[in-house]
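Visitor:
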């Protein structure tokens, strides 16, 4: 709770709204105690006095009543009515929505059909009808506004409940012997509460406006009692000659609603997990580069990565994702980059063309030389020219990486059109040729399909075709077969292998699976905790790993053909966050061969023959 | 095509639901229409006679079916206060409402989506801040108050635009005259909805920019402008469309206030008058008519949504 | 089939999802997920069910645990039909462990609260006993006591999966269904969990049904294996024999497709990889389009279960 208040108060606008709201609340609710004139006393001799007249700070209305007093009393009434309406409709709507969402089927159908009918009315029609039945009056107006907003709450809460009710922990609760009622109270409710709070805080302002509106029409509060809406309604008849009787209550409505909205936005932002994760910040087209020194890179390799260090920045703190990564790729070579989650393999792959989402991604240091030019020193346009042209990517899950609403054909043509300034005809020809190359049957059909209409294997073939569009020289494949079934994986791997050999492509292949990497890679790099720990020829690493991490990891991967057994293990789990200051071997805590000095110094990577290893005591 | 038919048929239960609500709610209105028509000095015999003429002596359910039967034939009864067929009055009035609400709706959709997108794409710049602030102000202003202030400023003080009405009383009547009268009410009506649409657009554009397929587009070397127009907006429109459907309802609702403030001769004003005068048939007919139009409009939105998003089955 | 020794058995189990075709068409479409399956599980045994995505293995598992109602067929646990158990009695006998360890924990409850639920509702223990039980189980799965007051998002996948195991054990159920128990975990953590599961099985005399797409995982902890394809069990056998000598061509294809570290890729021709249409299943063998051994007969006739040398499979032309 304290945390929550802190979060809100950090947002200056929300804080302002909150303070304004508190002031309005305190003053208006104290109005019976304040030395004010009676709001309903008529004194026709003092009609339409202007603001700042003697004895009347805000002037008087058409009956000579004190506007300040009426304003404060009216504010009190409006707040009371608006907030009550919000609470009533939130309670009823949330209950209906939860029941519909949780029980589903017929219950859901009945409730939602009724809600649908109610939503088929523009809200004012329903409110007017309800007021027509109940008769004009402030209480009736409140009931009308509350009823009219129930469908809105019910729908919102139902949606959230459905999502939560389908989560695995609800099944788990069921298997713990909890009844449906207990599940709703103890499992569902705590999870929908933030949504209810957000919905209330973002609609309360709206409901205050709606009740004011009904009063404005003469259907709400009845004279002499006045809320802000009816004050405005009365003021309207004297609008042109005595506008102050209108803008005094109008300005107050505006102040209340803007305060509520600012504060409500603050609550929403504080409760929205997307915001704290930075998911509502626009990612830049290239990763931010904050490289402090120039890394000397004299390599003439086809691709040379040197001391590449990428971090994520949260709250002005840098969390390293990869640290001093250096490697070369020769022309026509397939290099495997292997590691577990958090090893920094994907971040390294994305950093090569500055594709790490930024914010929060920052490239802190390093050089990426591609055919002699440093990509990290290029401007956006130069990098864009490389992307999808000379360097292209294949990503993990083609369902989320292909645009869901653009047909396969159009998506295939795009990279060609962007880079060749040629029109559709050539692009279509090229695209269809590529689909044939990746052995897709009935090309015409696939061409006019949307991604969701294809199977996982077909989609990944399309992604490969897309990567090949502009005859790239380097393909970076980030776990391209992880989302696929084994039988499909085997086909995709063989397709990739054939294509790269036929076309002399260089490939950077990222994977967590030793089996997959050894199928198609010439050379392998093993990463752990953001660093390269070992590098060498595939056969050498697979048969004689030198780093303890590599050897231990390979042992604990289950292989087929050894029956039911106890498996070798590595203790603990891989590190998730790497701090800059940490010295020593990041694997030491899990290593079977560690000695005292493993944690005392930074361990350099040492080359021996055609392999490299970062370990003080490697296997020989 | 098959779907269109299906969707239209599925609207029938909703429409029936509306007729039930409209009929029964309105029938609950206290007071006796016959007395209301004849005045408080009417003799009981006369009241009874009129009740029989109006069919009010029959049971509620029976009356519902008679009313429904007439409704299907386009007969909404006669307004006793205006002494003319309800449908004629509504059709005449609805034309005015449609002009006002339609203009406001188009305004809020186009402007809302546009400034929302700009705001997202220029996140944290001065443009974004100005838009965000304006939008916030817009959604916090009651439209009727805004309308009144606009009248004061543009009609009374500056005398650029007419105070009220749909056409000038003398001369006028042509298209330009209509536009002249339309500007203020349409803007006042559109402002809140524009703010809502802009906010939702901004958020959804920002969310979409984080999606994997946008990274793919960038990895393909697609220019940022095309990323925005071909990739981001394509999705954003699909997510915003249902919101626009809802906003149409809000615009229609708001038009009641705007019609009163600007003396616009539309359905909203007619309904409020009818409620205050207890002109039951006119209220019934008016509510029914507007609700039915809104249902049809939402079907159209649905169809468009389906056309734009092939994932919906 | 329903042997007295079986702790769990299912007979002719099917699940169809039906959907109305449209407003005018009252006839409904049946989507086939699980088709007429028989299963038996002996006490203290672990049975593996292996298959690729969309084969219906998860649907099958959830039906066995009572989380999905079958369209037809019967399930017996300890010789009593599951419909005859009292309402909240079934979880005392059979439990289900979920694939994603984090999402099977309520994000707004501490681990202690999540673990206390089965003790409170299934075993009606009081506060003191609950605390004692939780503290002892947490040692069994090698977690520290101080974790109990933390929330799920503070845990790594491996730790969360241990919590999931603890929750399942607390119910005292003897049958546990493990749905992809390690597929969400890092390689270096997988083997820890598999070993833990093996140890606990011996210690508490549990029976497992393990669902996985990963043949190596199945082999490491299972005594018997069933291979599923398109809602059907195409082969069942002792684990050892199956991995040495697959009979069904699909089993063979699966085994062949697993990438191995000691060999380069073999060029594969593009064979059909699409599954048949579940709304309109083929007349004959569902593996027909992808099969290496197929003949005309397979296209028209669906093979019945054949028993040969103690092996059961559904194929006219098995390998070997």
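Residue numbers (our numbering), protein chains in the order written: chain L, 1169 to 1788; chain X, 55 to 367; chain B, 291 to 610. Note that beta-carbon positions come from the ideal geometry of N, C-alpha and C, so glycine has one too. In this text, all values refer to a predicted model and were calculated from it rather than measured experimentally.
#1: By alpha-carbon positions, which one of 376(B), 453(B), 322(B) and 587(B) ends up nearest to residue 403(B)?
#2: Exposed or buried, residue 197(X), counting other C-beta atoms within 10 Å across all chains shown (16 or more means buried)?
#3: According to DSSP, is residue 1492(L) helix, strand or coil?
#4: Do residue 463(B) and residue 381(B) have their C-beta atoms within less than 8 Å of each other?
#5: Can you tell me whether residue 501(B) sits near the ligand ATP, meaning its C-beta is under 7 Å from at least one heavy atom of the ligand?
#6: Do you know how far the Cα of residue 1785(L) is from the Cα of residue 1761(L)?
#7: For residue 501(B), which of 321(B), 346(B), 322(B) and 302(B) has the nearest alpha-carbon?
#8: By the three-class DSSP mapping on this structure, what secondary structure does residue 345(B) have?
#9: On the DSSP letters alone, give me the boundaries of the beta strand (DSSP E) that residue 387(B) sits inside.
#10: Quick check on DSSP: helix, strand or coil for residue 254(B)?
#11: Closer than 8 Å, Cβ to Cβ, to anything on chain X: give me those residues from the region 1642-1664 of chain L, in chain order.
#12: Rounded to the nearest angstrom, what separates residue 1797(L) and residue 1248(L) at their Cα positions?
#13: Hey, would you say residue 1210(L) sits closer than 8 Å to residue 1189(L), going by beta carbons?
#14: Run through chain L and tell me which residues come within less than 8 Å of residue 350(B), C-beta to C-beta.
#15: So for residue 1306(L), helix, strand or coil by DSSP?
#16: Any beta-carbon of chain L closer than 8 Å to the one on residue 551(B)?
#17: In the DSSP assignment, find the unbroken beta strand (DSSP E) run with residue 1691(L) in it and report its ends.
#18: If you measure from the beta carbon of residue 1755(L) to each beta carbon in chain A, is any gap under 8 Å?
#19: Cα-Cα, which of 519(B), 552(B), 325(B) and 437(B) is closest to residue 541(B)?
#20: Here's a check: name, in chain order, each residue in its chain whose Cβ is nearer than 7 Å to the Cβ of residue 1778(L), leaving out the five neighbours to either side.
#21: Starting from residue 1800(L) and walking both ways along the beta strand (DSSP E), at which residues does that stretch end?
#22: Report yes or no: is there a C-beta of chain L within less than 8 Å of the C-beta of residue 339(B)?
#23: With a CB to CB cut of under 8 Å and the five nearest residues on each side skipped, what residues in its chain are close to residue 1333(L)?
#24: Within the same chain, show all residues whose beta-carbon is closer than 6 Å to that of residue 308(X), passing over the 5 residues directly before and after it, in chain order.
#25: Can residue 239(X) and residue 312(X) be called in contact, C-beta distance under 8 Å?
#26: Curious, which full-length beta strand (DSSP E) runs of at least 3 residues does the region 1451-1514 of chain L contain?
#27: Please classify residue 1362(L): does DSSP put it in a helix, a strand, or coil?
#28: Ordered along the chain, which non-local residues of its own chain (more than five positions away) have a Cβ less than 8 Å from that of residue 446(B)?
#29: Consult DSSP for residue 1561(L) and reduce its assignment to one of helix, strand or coil.
#30: I'd like to know if residue 1391(L) contacts chain X, where contact means its C-beta is closer than 8 Å to some C-beta of that chain.
#31: In its own chain, which residues sit with a C-beta less than 7 Å from the C-beta of residue 1350(L), not counting the 5 before and 5 after it?
#32: Is any beta-carbon of chain L found at less than 8 Å from that of residue 373(B)?
#33: Hey, how far is the Cα of residue 1400(L) from the Cα of residue 195(X)?
#34: Report the rounded CA-to-CA distance for residue 1425(L) versus residue 1317(L), giving the unit in angstroms.
#35: Check whether the Cβ of residue 448(B) lies closer than 8 Å to any Cβ atom in chain L.
#36: Should residue 1293(L) be labelled buried (16 or more other beta-carbon atoms within 10 Å of its own) or exposed?
Guide: Per the coordinate set shown:
#1: If you compare the alpha carbons of 376(B), 453(B), 322(B) and 587(B) with that of residue 403(B), the shortest gap goes to 453(B).
#2: By the 10 Å Cβ count, residue 197(X) comes out buried.
#3: strand
#4: yes
#5: Among the ligands in the structure shown, none appear at all, so the ligand ATP cannot be discussed.
#6: 8 Å
#7: With distances taken between Cα atoms, residue 501(B) lies closest to 346(B).
#8: DSSP places residue 345(B) outside both helix and strand once states are collapsed to three, so it counts as coil.
#9: 384-387
#10: Nothing about residue 254(B) can be read from this structure; chain B reaches only from 291 to 610.
#11: none
#12: An answer regarding residue 1797(L) cannot be provided, because it is not within the stretch 1169 to 1788 covered by chain L.
#13: no
#14: Simply none; closest approach about 15 Å.
#15: helix
#16: Yes, residue 551(B) lies at the interface with chain L (some Cβ there is under 8 Å from its Cβ).
#17: 1691-1696
#18: Annotation note: the requested chain A is absent from the structure, which comprises protein chains L, X and B.
#19: 519(B)
#20: 1704 and 1705
#21: Absent from the structure is residue 1800(L), since the part of chain L shown begins at 1169 and ends at 1788.
#22: no
#23: 1269, 1270, 1272 and 1356
#24: 197 and 243
#25: yes
#26: 1471-1482, 1485-1497 and 1502-1506
#27: helix
#28: 479
#29: strand
#30: no
#31: Excluding positions up to five away in sequence, the list is empty.
#32: no
#33: 13 Å
#34: 17 Å
#35: yes
#36: It counts as buried.
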